[in-house]
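Engineer: The structure under discussion is supplied below as structure tokens; questions concerning it will follow.
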């Protein structure tokens with residue numbers, strides 16, 4: 104099991120393009136977990152918020168049977184990663200969540216992800 108460690112968070116970066124008064128601000132974060140990196144983004148579309156991610160590995164990895172599991176309050180959503188290690192999850196709420204990714208017997212845990 105690998106615990107994801109935050110490497111970069113766009114919410115901590117000040118740019119002229121970010122307006123702090125916007126109610127629907129997206130963000131990007133990069134995590135490291137063992138031989139993996141997890142690139143996460145919060146995006147907004149007309150249907151609401153989506154958590155979009157991609158797993159990147161220094162090693163040769165097959166994402167054929169890989170899955171992501173989002174645990175949020177009492178709800179749990181499980182979805183396969185595509186063959187490139189990508190996923191997209193629609194969010195019903197902006198409550199904090201836990202993410203767990205299962206890749207070739209390895210488990211990546213990201214506990215207490217703050218969405219807002």
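Numbering (our numbering), first residue to last: 104 to 219.
The beta carbon of each residue, even a glycine, is placed where N, CA and C say it ideally should be.
What you are looking at is a predicted structure, and each value in this text was computed from that prediction instead of being measured.
Tell me which residue opens and which closes the beta strand (DSSP E) that residue 138 is part of.
Structural biologist: Looking at the DSSP string, residue 138 is not in any beta strand (DSSP E), and its letter there is neither H nor E.
Engineer: Express the C-alpha separation of residue 112 and residue 195 in angstroms, rounding to a whole number.
Structural biologist: Whole-angstrom Cα-Cα distance: 23 Å.
Engineer: When burial is assigned at 16 or more other CB atoms within 10 Å of the CB, is residue 110 buried or exposed?
Structural biologist: With fewer than 16 other Cβ atoms within 10 Å, it is exposed.
Engineer: Closest to residue 161 by CA distance: which of 137, 171, 172, 180 is it?
Structural biologist: Considering only alpha carbons, the answer is 137.
Engineer: I'd like the list of long-range same chain contacts for residue 210, defined as Cβ closer than 8 Å, with 5 residues on each side in sequence excluded.
Structural biologist: 104, 105, 203, 204.
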